[in-house]
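Here's the structure we're looking at; comments come further down.
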Amino acid sequence: MTSLAVLGRGVSALVLTTLLLAPPAHATTPLEDNRRITLGYIQLAYELGAVVDPTLQPGGTSTARPIWFVFAPHASRTGGQGMLAATQARRAIAAARVQPSLTLTQALNRLDLTGTVRVLVESLSLELILRGMTIDGAASVASLITAMNGGALSDPRTLLATSQRLAALYWSAAGPHPLDRADAIALTLERLLNEGNLAIFTDIGGSGQAYLDWRRRQTGPVTPEAVLAGFTLPLAVEAEARAAHAYAVAHAEDSPRPFQISQLFPTLHYKSLLVAAFALYEEARLAPTPARRDALIAVGNNYVAWREQYDMAQPVFSPGTVFPGEVSRPGVLQALTPLLKTEFGTQTWTYADFAYSRPDPDGSPLTSPPTEYNWAVFWDRWLGILYAFDQAYTDPAALWVMPDPIVDPLG
636 MTSLAVLGRG VSALVLTTLL LAPPAHATTP LEDNRRITLG YIQLAYELGA
686 VVDPTLQPGG TSTARPIWFV FAPHASRTGG QGMLAATQAR RAIAAARVQP
736 SLTLTQALNR LDLTGTVRVL VESLSLELIL RGMTIDGAAS VASLITAMNG
786 GALSDPRTLL ATSQRLAALY WSAAGPHPLD RADAIALTLE RLLNEGNLAI
836 FTDIGGSGQA YLDWRRRQTG PVTPEAVLAG FTLPLAVEAE ARAAHAYAVA
886 HAEDSPRPFQ ISQLFPTLHY KSLLVAAFAL YEEARLAPTP ARRDALIAVG
936 NNYVAWREQY DMAQPVFSPG TVFPGEVSRP GVLQALTPLL KTEFGTQTWT
986 YADFAYSRPD PDGSPLTSPP TEYNWAVFWD RWLGILYAFD QAYTDPAALW
1036 VMPDPIVDPL G
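Each step along the sequence shown adds one to the number in the numbering used here, with nothing skipped, and position 367 is 1002.
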């Protein structure tokens, strides 16, 4: 458990404000950004988790349904694992520019891979070499899966589709040297993960901190009505937040719970969703039964997650253009979607599990279901996230095993 997670609440507020608002003393790397964000989310998880469960102590656990901010540290760490893989792949590419590997064994040794991970990366590397990639390029691109659900590649259909897509990205990349093409794929993954993480943390993490600051200033009871009437965010509209809150209160026990937010509130500004979500978390704290509490939390989570994915992540993942030095971001995410994995404390979510839980999209035995989705497509991502929520709700305590932030081994 990180030492930040067990700070007292009075001190932790100051620490979190520093994490969120203080400008870095130097230009930061994506991995440094990720460490700061993961630590910030851990602190927010405890501060805001205590809103729905006042008995929660820093470093402790709760039997209440986890709020969005309890999921966030785990998701941030997953992004950090992807950034670390991209960083190490790019370092291997830089080394190969000086001294190319003569064999795949040399290339894999340079990446310092062992055990099952090495076997999986080697298998994918061989497929990429068959598609025209150089030894070092193939090994470096294949190594991007090191923190992912490499077991999905045991399905030959998934291995074939993944290698075909990565090779297509390689040949689409600009650059005079083959290693430039491989580097473009790793750089694209690193950038999209970093930009998405920063955008979500700045917006939703900042809103969470603003809410905590507002809450501490209140001299009377903090009720849902007090939140709706007194707490605001830039561009949020009180009437919209009230409408979203009222709908959630009336439909919290619906099955499925409200999730098609753009259809429910087609003209709502999504900052208003965050205000409504904080009011719902307060509503949950006052709920007469644990079941009612958890139902309200789940709708509040959907509101925050919609804002996170629809407004913050989607423009990063599908920007509508290919940036200099990169390849297609939707293309990278499509290639890696079947392998996505997140450790939510003691639980593991994989996109493959989600895909296999649903009807086969094309009904063809020639393609594996996980390869028929794309994390860059909003609804493919959104339904996968809702599946992750429902899985995590079966064991609330699992998420309170907080992750250690990713650290760059080379500093």
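Idealized CB from N, CA, C, for every residue including glycine.
List the DSSP bridge partners of residue i.
i: TRP984; result: THR977
Alpha carbon to alpha carbon, what distance is there between residue j and residue i?
i: GLU682; j: GLY694; result: 11 Å
i: VAL957; j: PRO901; result: 30 Å
i: ASP1039; j: GLN678; result: 13 Å
i: VAL967; j: GLN716; result: 16 Å
i: PRO689; j: HIS709; result: 22 Å
i: ASN936; j: TRP703; result: 5 Å
i: VAL939; j: GLU860; result: 19 Å
i: VAL752; j: ALA731; result: 21 Å
i: SER775; j: LEU743; result: 8 Å
i: PHE989; j: ALA787; result: 12 Å
i: SER907; j: PHE706; result: 21 Å
i: GLY675; j: ALA912; result: 20 Å
i: ALA773; j: ARG1016; result: 27 Å
i: PRO1005; j: HIS812; result: 32 Å
i: TYR916; j: LEU1018; result: 23 Å
i: ALA970; j: MET783; result: 12 Å
i: LEU737; j: LEU746; result: 14 Å
i: PRO869; j: ILE672; result: 22 Å
i: ARG964; j: GLY855; result: 48 Å
i: ALA874; j: TYR905; result: 13 Å
i: GLY866; j: TYR882; result: Residue 866 is actually Phe in this sequence, not Gly. In a straight line, the C-alpha of PHE866 is about 19 Å away from that of TYR882.
i: THR749; j: GLY955; result: 38 Å
i: ALA640; j: PRO996; result: Low per-residue confidence applies at ALA640: pLDDT is 38, beneath 50, and the placement is therefore not dependable enough to give any value.
i: PRO973; j: TYR986; result: 6 Å
i: SER789; j: ARG712; result: 25 Å
i: LEU822; j: SER778; result: 13 Å
State buried or exposed for residue i, treating a residue as buried only when at least 16 other CB atoms are found within 10 Å of its CB.
i: GLU888; result: exposed
i: HIS880; result: buried
i: LEU765; result: exposed
i: VAL857; result: buried
i: TRP806; result: exposed
i: ALA662; result: exposed
i: TYR991; result: exposed
i: ALA919; result: buried
i: LEU1034; result: buried
i: PRO893; result: buried
i: ARG852; result: exposed
i: SER638; result: Only weak support exists for where SER638 lies, its pLDDT of 38 falling under 50; the value from the coordinates is given anyway. With fewer than 16 other Cβ atoms within 10 Å, it is exposed.
i: ARG700; result: buried
i: ARG993; result: exposed
i: GLY843; result: buried
The alpha helix (DSSP H) with residue i in it runs from where to where?
i: ASN937; result: 925–941
i: ASP771; result: 770–777
i: ASP1039; result: That residue, ASP1039, is in no alpha helix (DSSP H); it is neither H nor E in DSSP.
i: ALA861; result: 859–865
i: GLY675; result: 665–687
i: PHE958; result: Looking at the DSSP string, PHE958 is not in any alpha helix (DSSP H), and its letter there is neither H nor E.
i: ALA834; result: 813–835
i: ASP848; result: 841–852
i: SER760; result: 750–765
i: TRP703; result: 703–733
i: GLU917; result: 906–920
i: GLN898; result: 896–899
i: PRO791; result: 791–807
i: GLY1019; result: 1013–1027
With a threshold of 6 Å, establish whether the CB of residue i neighbours any heavy atom of the ligand ZN.
i: PRO813; result: Only the bare structure without any ligand can be found here, which leaves the ligand ZN out of the picture.
Practice task
Specify whether the stretch 847–854 and the stretch 988–1008 touch according to this definition: at least 3 beta carbon pairs, one from each stretch, less than 8 Å apart.
Solution key: no
Practice task
Mind the definition here: the stretch 827–835 touches the stretch 796–803 only if three or more C-beta pairs lie below 8 Å; say whether that holds.
Solution key: no
Exercise for the section: Check whether the stretch 1030–1038 touches the stretch 1008–1022, counting contact only when three or more Cβ pairs, one atom from each stretch, lie closer than 8 Å. Expected result: no
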